[in-house]
Amino acid sequence: MPTGTETALGGPAPAEADTTLVVVTGLSGGGRSTVARALENVGFYVVDNLPQALMLDMAELAFKAGGAARRTAMVLDVRSRAFSTDLAGAIRELRERGFQPRVVFVDADDEVLIRRFESVRRSHPLQGDGRLADGIAVERALLEEARDQADVIIDTSHLNVNQLRRRVEELFGGEDSRRLRITVLSFGFKYGLPPDADFVMDARFLPNPYWVPELREHTGREEAVSAYVLGQEGAEAFVAGYADLVNATTGGFEREGKRYLTVAVGCTGGKHRSVAIAEELAARLRQSGIAANAQHRDLGRE
C-alpha cells in the first residue's frame, strides 16, 4: 500500500511538486538578505537561518499548510552548519520525497565582499582572529559543493540592491507579482490623515453634497452624489491631473521596488466628495492598465 507521498509505482506523489521551494545560500555579504526580501515581495513565505537538518520538515509543513505557504523559501548561511554540513544530502532528500527545490547561490568577488564588510564595520563570521580574507576563504571552501549543485548562481559583484531584487523577481515572480498595486483611499480630514498615504489629495475645494438635502444621506458611491461631485467646476481637471501624476510615477516606483502605493483622497467627513473622487480615480487608473482599487476608510462612520 503506497503512502501519502508515493504513487502506486513507488515514486513520489505529484502533490509535493506543486509546492514551490527555493533554497537560498551563498557567501556572507553576497546579498542573501536582499534575495530573501525580494522573494517576500513576490509572495514567498521566507524562513531565515534554517538549519539544514530541518529543511525536509519545513518543506512538509509548507505542503500540509497549503495556501501561501506552498511558496516557501529557506535561507541558509554559515550558522546553519552548526547543525549539519550536508546541504547536498538535504537537497537530495527533498527530491527523493517528491519536492523540486531550486537552489539559489549568491556570490561576489573577494574584493567586493571585503569592501561590504568594511563599510558596515563587521567581522566575517568565520574569520576568528584572522583577516576578513581568511574568513571569506574558509566560507568559500565550505560552500563549494553547494555552489556546484546550485540551479541559479547570482554574482552580485556589480549589482546594486535594486538590480539584485529585480533579478530575483524576474526569476521567481512572474510579471503580475512585480506590478505596482494602488489603493485609492477615501478619508475624512476630521478623523485624521491616513498614516500610510503616499499621496494626499484634498477634495474640500468642491461644494459639499452634505448641504444638498436630497443628497445628504447618500454616499459618493451612489450615482446621484457621484454625478453632483464630478460635475462641479474643477473636478474633472482635478481627477485627470492626479491620474496623470500617478501614471507618470508608477514606472519609477516599480523600478525602485515599491509594490503597493496608497493615494489618499480627503474631504471633511469621508462620505461624499472623497468617495466619489476615489472611485473615479481608481477607475481611470484601471483603464490605463494599472492595478488599482478604491477603499473607503471612514464611510459609514458618521
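In the working numbering, the protein residues as written are 11 to 312.
Beta carbons are placed, not taken as given, at the ideal position from N, Cα and C, and that holds for glycine.
Kindly indicate the opening and closing residues of the beta strand (DSSP E) around V239.
Position 229 of the sequence shown holds residue 239. Per DSSP, V239 belongs to no beta strand (DSSP E); it is in the alpha helix (DSSP H), E233 to L240.
Taking 6 Å as the cut-off, is the C-beta of E179 nearer than that to any heavy atom in the ligand GDP?
You won't find the ligand GDP in this model; it holds no ligand whatsoever.
Using the Cβ count rule (16 or more neighbours within 10 Å means buried), how would you classify E289?
Numbered from its first residue, the sequence shown carries residue 289 at position 279. A residue is called buried when at least 16 other Cβ atoms come within 10 angstroms of its Cβ; E289 meets this threshold and is buried.
If you drop the 5 nearest sequence neighbours on each side, which residues of the same chain put their C-beta closer than 6 Å to that of A293?
As a position in the sequence shown, residue 293 is number 283, starting the count at 1. No residues qualify anywhere along the chain.
Take G36 as the anchor and find which of G279, H306, R150 and F263 has the nearest alpha-carbon.
On the sequence shown, position 26 is the one that residue 36 refers to. It is R150 whose Cα lies nearest to the Cα of G36.
Rank L291, V285 and L295 by C-alpha distance to the C-alpha of R307 and give the top, closest one.
In the sequence shown, counting from the first residue as 1, residue 307 sits at position 297. Distances from the alpha-carbon of R307 to those of L291, V285 and L295 put V285 closest.
Hey, is the segment 118-134 in contact with the segment 58-73, meaning 3+ C-beta pairs nearer than 8 Å?
no
Between the Cα of V171 and the Cα atoms of R296, R47, Q297 and L86, which residue gives the shortest distance?
Indexing the sequence shown from 1 puts residue 171 at position 161. With distances taken between Cα atoms, V171 lies closest to R47.
Please confirm if the segment 152-171 is in contact with the segment 108-119, defined as three or more CB-CB distances below 8 Å between the two stretches.
Contact between the segment 152-171 and the segment 108-119 is present, because at least three Cβ pairs lie under 8 Å.
Quick test of your reading: V178 and L49, contact by CB under 8 Å. State the CB separation rounded to the nearest angstrom.
In the sequence shown, counting from the first residue as 1, residue 178 sits at position 168. In the sequence shown, counting from the first residue as 1, residue 49 sits at position 39. Yes, they are in contact, since the Cβ atoms of V178 and L49 sit about 6 Å apart, within 8 Å.
Give me the Cα-Cα distance between G138 and D144, rounded to the nearest whole angstrom.
For the purposes of this step, residue 138 is taken as residue 128 along the sequence shown, with counting starting at 1. For the purposes of this step, residue 144 is taken as residue 134 along the sequence shown, with counting starting at 1. Rounded to whole angstroms, G138 to D144 spans 9 Å at the Cα level.
Alpha carbon to alpha carbon, how far is L190 from W221?
Along the sequence shown, read from residue 1 onward, the residue named residue 190 stands at position 180. Along the sequence shown, read from residue 1 onward, the residue named residue 221 stands at position 211. Approximately 38 Å, taken between the alpha carbons.
Quick one, which of D28, E232 and F54 has its alpha-carbon nearest L181's?
Stepping through the sequence shown from its first residue, residue 181 is reached at position 171. Among D28, E232 and F54, the Cα nearest to that of L181 is on F54.
Express the C-alpha separation of R269 and L142 in angstroms, rounding to a whole number.
Taking the first residue of the sequence shown as 1, we reach residue 142 at position 132. Taking the first residue of the sequence shown as 1, we reach residue 269 at position 259. C-alpha separation (whole angstroms): 36 Å.
Judging by CA-CA distance, which residue of A253, A258 and L271 is the nearest neighbour of F295?
Here residue 295 refers to the residue found at position 285 of the sequence shown. Checking the displayed sequence, the identity of residue 295 turns out to be Leu instead of Phe. It is A253.
Indicate the three-state DSSP secondary structure (helix, strand or coil) for V33 in the structure shown.
Indexing the sequence shown from 1 puts residue 33 at position 23. For V33, the secondary structure class from DSSP, reduced to helix, strand or coil, is strand.
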